[in-house]
């Protein structure tokens, strides 16, 4: 394959990857969810005040709603928010660029350890992969972590020839652990795997290896206390297998068991429960149904009823696995090890298999599939099969893209908290007309959407004398700021003379000129409906009403 032809194909695939991750980024997915809103507003707050929304100076952990977010995506979003503003482009473009970068790096990694055709196949598969496309179009810390990890692996492989790049590899991997919690498990395992598998190549670079390990240990030493005290531990409490329900189930099983008391405790305990559920969760990530046919159960991270990989990947992946096992060189063994490592963080949490928490699987799956394509072509001994494969992949992609930009946003816009932007647009336009503005919490954390879409000054928010926020059940709630009041649906009275009370216990004034943003048909008599906001499938999302007393 000539160099000129390689460059042409590379540029075509690069533009394809860019197009699929950037085109209509503000429309697909159909709206920003609360996590994206939180990342964007905290970046905006850092930009304008050097503080997060809670008033902390340049934090290494962002409290958010109580789930705690790592700082990587927030800080790297600042230039985009500064340039593009508080909108979908400003929040999502970093993730889209990270997705494109991952596609490009897959080419360069495969180019180092295999042939140009394998590298181009890897780039092509990465460019059109549903898993990669979907998660690159959302503001996700995990997608940035994937890019940093891929860049670290590329730098490591280059570092086997240019030892100074080993230090860059350590820095990139160290940064990844400040981007997504799963990386705090995966990154050390990657280092251990590389040190074992490439020990012969690395032995000549003892000084660079020592410096690299020191750099990573410094990153890790800073991250561990944060993980234990706040960010990872908070997230783990929300997602752990051993939640209150699990404890109750263990106690129930003990109570129903006919075993003698000592054996009940041996059979039903936290260790056994955790181990069995973690193992089943781990295995579930390799289930063909999850990977190729139905995807995950989280509507934001995969299209229901459609796999994360195209079904045509399956035979090619199997061939790639066979080739890697047969060849057994350090890099192919590393791919197998990386594939085995990637689902571990997701396996020790609820909701396995999980498309987001296991995102790192993309790297070995794509690379092994690309190797499988090349292996298959050589087995067939006919170049014509290349055109057949391209047609099959093109058809698979077409059906995915039609669904992703057609039926999916219409059917699942509710999963994206669609309607808050439209509601806040109305509020912003008519803000001066009302003495009080009441907004339902039904679809989750409305205060953040108000702050984001109204471009609320973070300093003004933090010093607001009317600000009411509190912690309950490991979550931070905001019930009031300025003239906004945020109430749960069940706290909106059904009778006109009932009092309005916030979750924190404070009363909501319902006199003067009042605007109410409510879920459908959830308000007392006497309110005038002035606007309806629908989900994209036509079902009602919000009613906007007003009342003058």
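Residue numbers (my numbering): 229 to 777. Beta carbons: idealized from backbone N, C-alpha and C, even for Gly.
Check	Outcome
For the beta strand (DSSP E) holding residue 668, just list the boundary residues, first then last.	664-668
Starting from residue 762, trace the beta strand (DSSP E) both ways and give me its first and last residue.	756-762
Taking the beta strand (DSSP E) that residue 699 falls in, what are its first and last residues?	696-700
What separation, rounded to the nearest whole angstrom, lies between the Cα atoms of residue 448 and residue 404?	10 Å
Taking the straight line between their C-alpha atoms, what separation do you get for residue 755 and residue 773?	6 Å
Between which two residues does the beta strand (DSSP E) carrying residue 772 extend?	768-776
May I have the straight-line CA-CA distance separating residue 395 from residue 577, to the nearest angstrom?	32 Å
What number of angstroms, rounded off, separates the C-alpha of residue 344 from the C-alpha of residue 599?	11 Å
If you follow the alpha helix (DSSP H) that residue 310 is in, where does it begin and where does it stop?	299-312
Report the residue ranges of all alpha helix (DSSP H) runs contained in full by the segment 602-667; include only those spanning at least 4 residues, in chain order.	612-633, 635-640 and 648-657
Using beta-carbon positions only, say whether residue 172 and residue 305 come within less than 7 Å of one another.	The chain is shown from 229 up to 777; residue 172 falls before or after that span and cannot be answered.
Tell whether a beta-carbon distance below 7 Å holds between residue 741 and residue 654.	no
Under the rule that 16 or more other beta-carbon atoms within 10 Å means buried, what is residue 378, buried or exposed?	buried
Cβ of residue 592 within 7 Å of Cβ of residue 277?	no
Looking only at its own chain, which residues have a Cβ that is under 6 Å from the Cβ of residue 370, when we skip the five neighbours before and after it?	408, 584 and 587
So the alpha helix (DSSP H) residue 249 belongs to, where does it begin and stop?	231-250
Quick one: residues in its chain with C-beta nearer than 7 Å to the C-beta of residue 704, no 5 flanking neighbours on either side, listed in chain order?	291, 293, 294 and 697
Count the other CB atoms, across all protein chains shown, that sit within 10 Å of the CB of residue 330; report buried if there are 16 or more and exposed otherwise.	buried
Ends of the beta strand (DSSP E) at residue 706?	703-709
Span of the beta strand (DSSP E) holding residue 681?	Premise fails: residue 681 lies in the alpha helix (DSSP H), 674-681, not in any beta strand (DSSP E).
Starting from residue 527, follow the alpha helix (DSSP H) in both directions and report where the run begins and ends.	Unbroken run through residue 527: none, as it is neither H nor E.
Let me check understanding here. Comparing Cα to Cα, which of 572, 712 and 556 lies closest to residue 410?	572
Please return the same chain residues whose Cβ sits closer than 6 Å to the Cβ of residue 534, not counting the five positions on each side in sequence.	523
Express the C-alpha separation of residue 385 and residue 177 in angstroms, rounding to a whole number.	A question about residue 177 goes unanswered here, because the residues of the chain that appear run from 229 up to 777.
Looking only at its chain, what residues have a beta carbon closer than 6 Å to the beta carbon of residue 625, apart from the 5 residues adjacent to it on each side?	356
By how many angstroms is the C-alpha of residue 604 removed from the C-alpha of residue 318?	42 Å
Under 7 Å between the Cβ atoms of residue 676 and residue 266?	yes
What first and last residue would you give for the alpha helix (DSSP H) that runs through residue 584?	Neither: residue 584 is in no alpha helix (DSSP H) and is coded neither H nor E.
According to DSSP, is residue 203 helix, strand or coil?	Residue 203 is absent from the model: the chain starts at 229 and stops at 777.
In the DSSP assignment, the beta strand (DSSP E) including residue 714 goes from what residue to what residue?	712-715
Which runs of the alpha helix (DSSP H) spanning at least 4 residues fall entirely within the segment 540-578, listed in chain order?	541-555, 558-569 and 572-575
Which partner residues does residue 362 have in the DSSP bridge list?	Residue 362 is not bridged to any residue.
Indicate whether residue 575 and residue 640 have their beta-carbon atoms separated by less than 7 Å.	no
Between which residues of its own chain and residue 245 is the CB-CB distance below 8 Å, once the five residues before and five after are set aside?	327, 328, 331, 332, 351, 354 and 355
I'd like to check one pair, residue 552 with residue 560: are the Cβ atoms closer than 7 Å?	yes
Which residue marks the beginning of the beta strand (DSSP E) containing residue 741, and which one marks its end?	741-746
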